[in-house]
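Working notes, structure below.
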Amino acid sequence: MSEQENPVVETAAGAVRGLRDAAGELYRAIPYAAAPIGPGRFTAPEPHPGWSGVRDGTRPSPAAPQPTRDFGRLDLTPYFGPGWVPGEEYLTVDVRTPAADAGDRPVMVFVHGGGFVTGSTRAALYDGSAFARDGIVLVTVNYRLGIPGFLALEGAPDNRGLLDVLTALRWVRDSIAAFGGNPGNVTVFGQSAGATLTGALLATPEAAGLFRRAIVQSGSGTGAFAPEQAQRVTAAAAAALGVEPAAAAFAEIPDERFLEILPALAGLDLRTATAADPLAGLSPFSLVLPVQPADSLVGGLDLLIGTNTEEGRLYLVPQGKPDRTAGQLGEVLFGAGTARMVRAHAETGRTYVYSFGYRSTALDGRLGAAHTVELPFVFDLADEPWLHGDTGLLGPDAAPAGLAEEVHGAWVAFARTGEPGWAEAEPRRFGG
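According to the working numbering, numbering within the sequence shown proceeds without interruption in unit steps and concludes at 432.
Right, here's the structure in full:
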């Protein structure tokens, strides 16, 4: 197809040229905020100034500065993507739609995981073709990571990565109709760190009216750091850099240096007299909130929430560590916070719970129903060869026939109607 034949959509900021293929239309690297440059890395997102002419939306955007994460023998490239792809303008969204027409279709906005330090819309696992096939407009979001996104600093707003996602949702409200989507029927869904961000949106008054439903996949309603915990990370980062713990000082430091000091922040003891480390030392970054999201829900929205049955295995098995504590680790990281969110949300809106138990045969059959294993089924990609093999996320065995269709179908049904196909949760089963 020639450039002239590629579809073009007019947005408030300017025109964007996308691609048309068998799955519909794809528009990549659309800015939803100004590029976070220099001191702008530590401010709230600013409006994009717009552009003249037609912007090329056929190529992926840069990816936020991030380290390379190692999970031993397990190949998680489809999950993390290619890592840092340098470029200033990475606060972008990708839009996959059946057609940029007046279709008024349900919209799903996906927030990627990666421990608040890695990930991007370039990851192969976030291919939205199946959603477009089923009449959904899928939006995937890039946001600031690591020190620029989540380190608490004097002179900077907290939770800048969350502010990015909130700004992307405002872009969806204002622009998604041009891509065939219904801005009044938006479902936000996220996995891992993205799920924790999604859960936080349920407790963010500024997000009111930007979405109707949320799906929290292996996140936590209790995953935020208390301010005193966050200050320990800030102090360690400032000491490693040799600067004051203030935004003005950090703004003078290049991103490469931020990545160099991340090992110095790993394994910090964040336990206090009143709070445990909600991430069990696995990441030095999280949201910074005085009250956990599960204890401050806005209410009135539909929620689908759940975990995998062996979450903790991802953090033990690939590195050859004993997996006898996997169950306990999964409960600390995801199970307890999910149960608390269920109890709280059931008082404010429709709440549905899932438990994903398919066991990946990766790593000699030991990976099991670990963290991230549900994603290929949510995106209906479980048959893709790049997810298989002994070190692939799903292992050498073929996925069960029909499982991806069932899981993906439940997510689509929830986005359409607010009901995934099973009964609402009973809070008493979750300690309520």
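Cβ atoms here follow ideal geometry from the backbone N, Cα and C, with glycine treated the same way.
In this structure, DSSP gives Leu197 a helical state, which the three-state scheme calls helix. Taking a 10 Å sphere around the C-beta of Ala22, we find fewer than 16 other C-beta atoms and assign the residue as exposed. Taking all protein chains shown into account, Gly421 has fewer than 16 neighbouring C-beta atoms within 10 Å of its C-beta and is therefore exposed. Straight-line measurement puts the Cα of Phe225 at about 35 Å from the Cα of Ile136.
Around Val16, the same chain offers Val9, Tyr27, Ile30, Arg55 and Gly57 as residues with beta carbons nearer than 6 Å, after the five sequence neighbours per side are excluded.
Bridge partners of Asn308 according to DSSP: Phe356.
When the five nearest sequence neighbours on each side are left out, the beta carbons in the same chain lying within less than 6 Å of the beta carbon of Ala382 are those of Pro376, Ala399 and Ala404, in order along the chain. Ranked by Cα distance from Leu19, the options Leu262, Pro7 and Ala230 are led by Pro7. Three or more beta-carbon pairs drawn from the stretch 223-238 and the stretch 269-288 are found closer than 8 Å, and the two stretches are therefore classed as touching. As a beta-bridge residue in DSSP terms, Ile215 pairs with Phe189 and Leu304.
In the three-state reduction of the DSSP assignment, Val137 falls in the strand class. Taking Leu76 as reference, the option from Ala63, Thr92, Gly113 and Val107 with the minimal CA-CA separation is Gly113. In the displayed model, Ile30 falls within a strand according to three-state DSSP. In the three-state reduction of the DSSP assignment, Val378 falls in the helix class. If only complete runs of 4 or more residues are kept, the stretch 36-74 shows no alpha helix (DSSP H) anywhere.
By the Cβ criterion, the stretch 89-109 is not in contact with the stretch 363-377, since fewer than three pairs of Cβ atoms, one from each stretch, lie closer than 8 Å.
Beta-bridge pairing by DSSP links Thr77 to no other residue. Counting along the chain, Gly421 sits inside no alpha helix (DSSP H), nor does DSSP assign it H or E at all. Between Leu329 and Gly349, the C-beta spacing is not below 7 Å. Here Arg59 is exposed, its C-beta having fewer than 16 other C-beta atoms within 10 Å.
Assignment of Ala246 by DSSP, reduced to helix, strand and coil, places it in the strand class.
Bounds of the alpha helix (DSSP H) holding Arg173 are Arg160 to Ser175. Within the same chain, Cβ atoms closer than 7 Å to the Cβ of Ala238 are found at Glu244 and Pro245, the five residues on either side in sequence being excluded.
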